[in-house]
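Asker: Dropping a structure here in structure tokens format, bear with me for questions.
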């Protein structure tokens, strides 16, 4: 991806501290996996964001307004309020669930126990005995789901097929026809197929029920329930309040099957716990893919046994004077496993043929000149590439893709492919054609940046489009040949763009992206000549040339990440900037309670007396 030539060689010096939020239970070492814990907030440090906290005016949160049934991000497909059905969680509440939903129930209990102080036991729904007022259900009727609205991809399918009128679908069965069964939600007289990620949430004065076809749908329903409780539910310590949930019914399912974010761990390295914290953020807003940019000129971050110097030598550097780092195979497995329990699929990226200086430092025989270049710690792009004329290059590619694929249970393998400016066009196309076949040989689906478009097509190929001009005939032609798109427009979805001219970190090569600009576009109609049927989903990339800490990751993600999440999940009919900004405003107190750093954007009507910078500018919530 392009970077700002004027970007500093290192991120700004931090100037704000953030408390550590203890993790009550879960996937930390020595605790049972899937028990519900999320990673703690950034540990205290000598500050986190430049020019932000020197004269911060910290106030008390205003008494929160009651949560309404529709105050959810992303916006649900259907909301049917029933004020007579408001429910208050009692101290003796229990969660009853069948075995298929046990892990989700444990995670829900883990989210709710710290702030409520309630024990919230999870019990077997099939066991005799009194039932608690909170029930999770996984249901399957055996019926085939009706089609989604015309042109909308089927939700939740790991490798969704395009519809019948798309070139890649010849002879393909409908994706949801393969499901073992489909839960259906009857609401307001309509029969709604929930699909693989949808859910129904019913709140009455007697209790709460979440119904879904799969654990993924149940998990998304649990995240909605979490948002319907008071903001104090995110506190790590007990809070005395009335834990009220508004009554009514929510019927919900995603618009797009692929909803994700990318974290660049190559420009600056982030440890495992930092990545797990990002997973929690994605899951909170029903994003289901984490794209890890694992390799670049500045560093190679994943161990490859057959080429050990990649991580040992290539992983030693980062932008500027920052320390490098690498993930062992066990580190990577931990990330993948943690994400899977939160219904997030990891998408590893090995960027080729360009962005490879770190690999060439480790193995100079892969370089065109067969000489090791010096380590690179700057932020320029487009100068390095592996030798496309040397057969050793393809042995390297096959080995690396094979090992990474074996560590990755998800269906995707991202081969990069952008900004190989020094490679002749014919050599680039030939390299990409072979690299795509090597990915396909691992059993994974090829994903690459949209610069792959001119290269030969392979079945199922996905192009990630990061352009800034939706008139892109080359990409549209690739779609006509069967490619599908993930939309990441640089001037809408890139989380490393500054919010405003005085944002202390970030780039501006694609323009400034405030919250409205991140929200105000339609992924289904963004690239000319590409129908919504060919759009797999959306992804918000965060490149880290100027981002150095966990709090800075969060500052650039929030509040824009929820905007992208809503575009990926919610039906287009729910699009409403005025309504979104009101709903989003209620999440500021939640982020504060959870220790999430964020930018209190001036276009969002945050609650009165909300902590903010004296100048009304960006602030990281503590």
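Residue numbers (UniProt numbering): 1 to 622. Heads up, the beta-carbon is just placed ideally off N, CA and C, and yes, glycines get one too.
Where does residue 517 sit, in a helix, a strand or coil, going by DSSP?
Answerer: Residue state, collapsed to three classes: helix.
Asker: Taking the alpha-carbon of residue 523 as reference, which of 536, 348 and 238 has the nearest alpha-carbon?
Answerer: Nearest of 536, 348 and 238 to residue 523, Cα basis: 536.
Asker: Considering only the beta carbon of each residue, do residue 266 and residue 301 sit closer than 7 Å?
Answerer: Result yes, Cβ atoms of residue 266 and residue 301 sit closer than 7 Å.
Asker: Go ahead and label residue 90 buried or exposed: buried means 16 or more other beta carbons lie within 10 angstroms of its beta carbon, across all protein chains shown.
Answerer: The residue in question, residue 90, is exposed, as its Cβ has fewer than 16 Cβ neighbours within 10 Å.
Asker: Would you grab the beta carbon distance between residue 86 and residue 246 for me? Rounded to a whole angstrom, and I think it's under 8 Å.
Answerer: Residue 86 to residue 246, Cβ: 6 Å. Contact.
Asker: Taking residue 604 and residue 515 to be in contact with their CB atoms under 8 Å, please state how far apart those CB atoms are, rounded to whole angstroms.
Answerer: Right, the Cβ-Cβ distance comes to about 6 Å (below 8 Å), so this counts as a contact.
Asker: Give me whichever residues DSSP pairs with residue 507 in a beta bridge.
Answerer: The partner list for residue 507 (beta bridge, DSSP) reads 497.
Asker: Which residues does DSSP list as the beta-bridge partners of residue 296?
Answerer: Answer is 299, bridged to residue 296.
Asker: Could you give the first and the last residue of the continuous alpha helix (DSSP H) run that contains residue 81?
Answerer: First-last for residue 81: 78 to 81, but that is the beta strand (DSSP E), not the alpha helix (DSSP H).
Asker: Would you identify the three-state DSSP class for residue 408, choosing helix, strand or coil?
Answerer: It is coil, neither helix nor strand.
Asker: Going by other Cβ atoms of all chains shown within 10 Å of its Cβ, with 16 needed for buried, is residue 606 buried or exposed?
Answerer: Burial call: buried.
Asker: Give, in chain order, every unbroken run of the alpha helix (DSSP H) that is at least 4 residues long and sits entirely within the stretch 278 to 357.
Answerer: 309 to 312 and 329 to 341, all fully within the stretch 278 to 357.
Asker: Rounded to whole angstroms, what's the CA-CA distance from residue 318 to residue 377? Just pull it up for me.
Answerer: Answer to the nearest angstrom: the Cα atoms are 6 Å apart.
Asker: Just to confirm the assignment, what range does the alpha helix (DSSP H) spanning residue 479 have?
Answerer: Taken as a continuous stretch (DSSP letters only), the alpha helix (DSSP H) holding residue 479 covers 473 to 480.
Asker: Give the DSSP-derived three-state secondary structure of residue 225 in the structure shown.
Answerer: In this structure, residue 225 counts as helix in the three-state DSSP scheme.
Asker: Can you give the Cα-Cα distance for residue 692 and residue 411, rounded to whole angstroms?
Answerer: For residue 692 there is no data in the structure shown, the boundaries of the chain being 1 and 622.
Asker: Using a Cβ-Cβ cutoff of less than 6 Å, which residues in the same chain neighbour residue 170 once the five nearest sequence positions on both sides are dropped?
Answerer: For residue 170, the predicted structure reports a pLDDT of 34, less than 50, and the residue's modelled location is therefore unreliable. A value from the coordinates is still provided. Cβ neighbours of residue 170 beyond the five flanking positions: none.
Asker: Pull the bridge partners of residue 124 from the DSSP assignment, please.
Answerer: The partner list for residue 124 (beta bridge, DSSP) reads 97.
Asker: DSSP three-state call for residue 449: helix, strand or coil?
Answerer: Reduced to three states, the DSSP call for residue 449 is strand.
Asker: Are residue 306 and residue 387 close, meaning C-beta to C-beta below 7 Å?
Answerer: In this structure, residue 387 does not lie closer than 7 Å to residue 306 by Cβ.
Asker: Quick check: what's the CA-CA separation for residue 333 versus residue 276?
Answerer: Each residue's alpha carbon lies about 12 Å from the other.
Asker: Out of 330, 81 and 354, which one is the CA nearest neighbour of residue 431?
Answerer: Considering only alpha carbons, the answer is 354.
Asker: Could you tell me which of 385, 409 and 403 sits nearest to residue 421, measuring between CA atoms?
Answerer: Comparing Cα-Cα distances from residue 421 to each of 385, 409 and 403, the minimum goes to 385.
Asker: Go to residue 195, then tell me how far its beta strand (DSSP E) extends in each direction, as first and last residue.
Answerer: It is not in any beta strand (DSSP E) - residue 195 carries neither H nor E in the DSSP assignment.
Asker: From this set, 113, 273, 356 and 335, which residue's C-alpha is nearest residue 418's C-alpha?
Answerer: For the residues 113, 273, 356 and 335, the minimum Cα distance to residue 418 belongs to 356.
Asker: For chain C, check one thing: does any of its Cβ atoms lie closer than 7 Å to the Cβ of residue 252?
Answerer: Chain labels in this structure do not include chain C; a single protein chain is all it has.
Asker: Apart from the five residues on each side of it in sequence, which residues of its chain come closer than 6 Å, Cβ to Cβ, to residue 567?
Answerer: Once the five neighbours on either side are set aside, the close Cβ partners of residue 567 are 523 and 538.
Asker: Quick one: grab the DSSP three-state call for residue 596.
Answerer: Residue state, collapsed to three classes: coil.
Asker: Since residue 542 sits in a beta bridge, which residues does DSSP pair it with?
Answerer: 263.
Asker: To the nearest angstrom, how far is it from the Cα of residue 73 to the Cα of residue 414?
Answerer: Each residue's alpha carbon lies about 29 Å from the other.
Asker: What would DSSP say about residue 459, mapped onto helix, strand or coil?
Answerer: If DSSP states are grouped into helix, strand and coil, residue 459 belongs with coil.
Asker: Would the stretch 577 to 590 count as touching the stretch 528 to 535 if we require 3 or more Cβ pairs under 8 Å?
Answerer: No contact exists between the stretch 577 to 590 and the stretch 528 to 535.
Asker: What span of residues does the beta strand (DSSP E) with residue 625 cover, start to end?
Answerer: In the structure as shown, the chain begins at 1 and stops at 622. Residue 625 is therefore absent and cannot be evaluated.
Asker: Can you say whether residue 406 is buried or exposed, counting buried as having 16 or more other CB atoms within 10 angstroms of its CB?
Answerer: When all chains shown are included, residue 406 counts as exposed.
Asker: Bridge partners for residue 252 per DSSP, in chain order?
Answerer: Per DSSP, 199.
Asker: When the Cα of residue 408 is compared with those of 292, 206 and 84, which residue comes out closest?
Answerer: That would be 292, whose Cα lies nearest to the Cα of residue 408.
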